[in-house]
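Numbering (the numbering used here), first residue to last: 47 to 219. Below is one structure; the comments refer to it alone.
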Amino acid sequence: MTPHIGAAITVDTTSLIDTAYRQAQTGLAEGGIPIGAALFSADGTLLGQGRNRRVQHDDPSVHGETDAFRAAGRQRDYSSTIMVTTLAPCWYCSGLIRQFGIGAVVIGENRTFAGGEEWLRDLGVDVTILDDERCVGMMTDFIADHPALWNEDIGVVDGGVREARSEKRGTVL
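Structure (structure tokens):
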């Protein structure tokens, strides 16, 4: 059994998701993909906030979570921090959460994209899914209006999901 690395969230998640949602709105207004995130301390102090800036910076590595993480700067210990994101974190961002031992994740919605939340739970991260209608609506509208850009963001090429194959094993990763 994996030890529990996360701590129960004791702060109001509504105010936390509001910060991430405002970042998503800003990203959309800039012509980008509307995914916002913020990193908070356990007591709800904002450490850093950000948004998906893949389009704005022409950089596929600038996801909402990575932007917020960078804005927070170096922390001595991440185990009591809370990553708040408007959309379920992709595998790249889930890896960041795992790598640095972020203790809790609050997800605005996972209807339009299912990320690595189950994997994070299995690793002991405290995962909360809010199913926030604002987040669902923003992503649903964006996906309908910009399907090619959305598919690029999630790795869909020519109507199918991009597969990585291990040369040694021949297995789909």
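Note that the Cβ used here is the ideal one computed from N, Cα and C, for glycine as well.
- At the C-beta level, residue 148 and residue 125 come within 9 Å of one another.
- The count of Cβ pairs closer than 8 Å, one atom from the stretch 57-77 and one from the stretch 120-134, reaches three, so the stretches are in contact.
- With a threshold of 16 other beta carbon atoms within 10 Å, residue 109 meets it and is buried.
- Contact between the stretch 190-197 and the stretch 161-177 is absent: fewer than 3 CB-CB pairs across the two stretches fall below 8 Å.
- Of the residues 203, 196, 201, 200, the one whose Cα lies closest to the Cα of residue 77 is 196.
- Per DSSP, the continuous alpha helix (DSSP H) segment holding residue 191 begins and ends at 179-191.
- In the displayed model, residue 131 falls within a strand according to three-state DSSP.
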